[in-house]
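Student:
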Amino acid sequence: MTSMVFFLVAVFLIILGLIGLVLKKDVYSLLLSLELSFLGVSLFFALIAKHLGLVDGFVMVLLILITMAIHLGIGLSLIIASQESGKFQIKEDLDFY
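Going by my numbering, the sequence shown wraps up at 97, each residue one higher than the last.
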């Protein structure tokens, strides 16, 4: 029962992240949506590792979460630094079409 609830939470996180990636236009929301999708995938890894009784999945989840935090921190600091310098402006309304 509890693993099914976590499975549904993981699916919800992935779908919410993908919807955010498609619908959002500013960079901050895109990064947040990408983070949500990766958290859902990490939860899937943890569920599979628990189901199979393997420790490798939990180690993989830990490594994924650490690298996600590092990438998000570096990405946000680069965006903030480039906006403060005034040389680079991020369009709030990105047009992909």
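Just so it is clear, CB atoms sit at the ideal spot from N, CA and C, and this is done for glycine as well. If you're wondering where the values come from, they're calculated on a predicted model, not measured in any experiment.
Roughly how many angstroms lie between the CA atoms of Val-41 and His-71, to the nearest whole one?
Tutor: Working through the sequence shown from its first residue, we reach residue 41 at position 41. Working through the sequence shown from its first residue, we reach residue 71 at position 71. Their backbone Cα atoms lie some 16 Å apart in a straight line.
Student: Closer than 7 Å by C-beta to Ile-74: which residues in its own chain qualify, once you throw out the five before and the five after it? Chain order, please.
Tutor: Along the sequence shown, one-based indexing puts residue 74 at 74. Taken in chain order, the list of residues that qualify is empty.
Student: Near Met-60, which residues of its chain fall below 6 Å by C-beta distance, leaving aside the five closest residues on each side in sequence?
Tutor: In the sequence shown, residue 60 corresponds to position 60, counting from 1. Closer than 6 Å at Cβ, skipping near neighbours: Phe-45.
Student: Given a cut-off of 7 Å, decide if Leu-39 and Leu-13 are closer than it, judged by their beta-carbon atoms.
Tutor: Taking the sequence shown and counting its residues from 1, one reaches residue 13 at position 13. Taking the sequence shown and counting its residues from 1, one reaches residue 39 at position 39. In contact: Leu-13 and Leu-39 (Cβ atoms closer than 7 Å).
Student: Buried or exposed for Leu-43, please, with buried defined as at least 16 other CB atoms from any protein chain shown within 10 angstroms of its CB.
Tutor: As a working mapping, residue 43 is identified with position 43 in the sequence shown. Leu-43 comes out buried.
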